[in-house]
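Residue 1 is where the sequence shown starts when you use our numbering, and the numbers rise one by one after that. Ideal Cβ placement from N, Cα and C applies to all residues, glycine included. Each remark here refers to the structure printed beneath this line.
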Amino acid sequence: RGKTPTKQSRGIRLLTAKNVRQGQIDLMPEEFLTEQEYKDWMTRGLPKVGDVLFTTEAPMGNAAVVELTEQFALAQRVICFQNYGALDPAFLVVQILSNQFQYILDKNGTGMTAKGIKASKLKQLPIAIPPLAEQHRIVTKVNELMALCDTLKARLTNAQTIQLHLADAIVEQAVC
1 RGKTPTKQSR
11 GIRLLTAKNV
21 RQGQIDLMPE
31 EFLTEQEYKD
41 WMTRGLPKVG
51 DVLFTTEAPM
61 GNAAVVELTE
71 QFALAQRVIC
81 FQNYGALDPA
91 FLVVQILSNQ
101 FQYILDKNGT
111 GMTAKGIKAS
121 KLKQLPIAIP
131 PLAEQHRIVT
141 KVNELMALCD
151 TLKARLTNAQ
161 TIQLHLADAI
171 VEQAVC
């Protein structure tokens, strides 16, 4: 597209590369387009629930499954992969965010200041696609492991907080 749409304070939501994070869509910062700009801008198909958004630059390689039901537009550095049934969108995100695919992206990206990848080059990159049942099993296992990581992180944070309180109490006792 080669240009940036005029942003508004309200209207139809515009998702930029800043909104697509590691496996999730963050609605902040908020940017919007007018209805007319949306119609002029979104000429290559409309993203929908279940599609996968991918950032091509700044940062390159983030991905998330679309869960938004409201109408929205995509900025220049966000590509939408539409689902055709043979690929679990959550599995595609796991694949994209994997160290192996990120390495392939890095080797194929171009640019010095902000590395990016063109859609034509992205289409040529290999990605493993196991049978759908195996994709579901992998996504389930990854989700279980991520939940375990979140639990461990929360426990570690709690233990660090307790350690700080104990250290403060010891210092307070020593001063008295």
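Can you tell which of Y84, Q22, A75 and D26 has the C-alpha that lies nearest to the C-alpha of G50?
Each of Y84, Q22, A75 and D26 was checked against the Cα of G50, and the nearest Cα belongs to Y84.
So within the region 128-174, which uninterrupted beta strand (DSSP E) runs reach at least 3 residues, ignoring any that extend past its ends?
none
Per DSSP, which residues does F54 bridge with? Please list them.
A63 and I79
Express the C-alpha separation of D106 and A114 in angstroms, rounding to a whole number.
In this structure, the CA atom of A114 is about 11 Å from the CA atom of D106.
Which same chain residues, not among the five before or five after R1, have their C-beta less than 7 Å away from its C-beta?
Because R1 sits at a pLDDT of 46, beneath the cut-off of 50, its placement in the model cannot be relied upon, and the following sentence gives the value as read from the coordinates. When the five nearest sequence neighbours on each side are left out, the beta carbons in the same chain lying within less than 7 Å of the beta carbon of R1 are those of Q76, in order along the chain.
Considering only the alpha carbon of each residue, which of R13, T34 and M42 lies closest to M28?
R13
Taking a contact to mean a Cβ-Cβ separation below 8 Å, would you say L93 touches G23 in this structure?
Looking at the sequence itself, residue 93 is Val, so the reference to Leu does not match. Yes, they are a contact pair.
For T55 and A17, which I take to be in contact (beta-carbon distance under 8 Å), what is that distance rounded to the nearest angstrom?
4 Å
Would you call L170 buried or exposed, if buried means 16 or more other Cβ atoms sit within 10 Å of its Cβ?
Note that residue 170 is Ile in the sequence shown, not Leu. By the 10 Å Cβ count, I170 comes out exposed.
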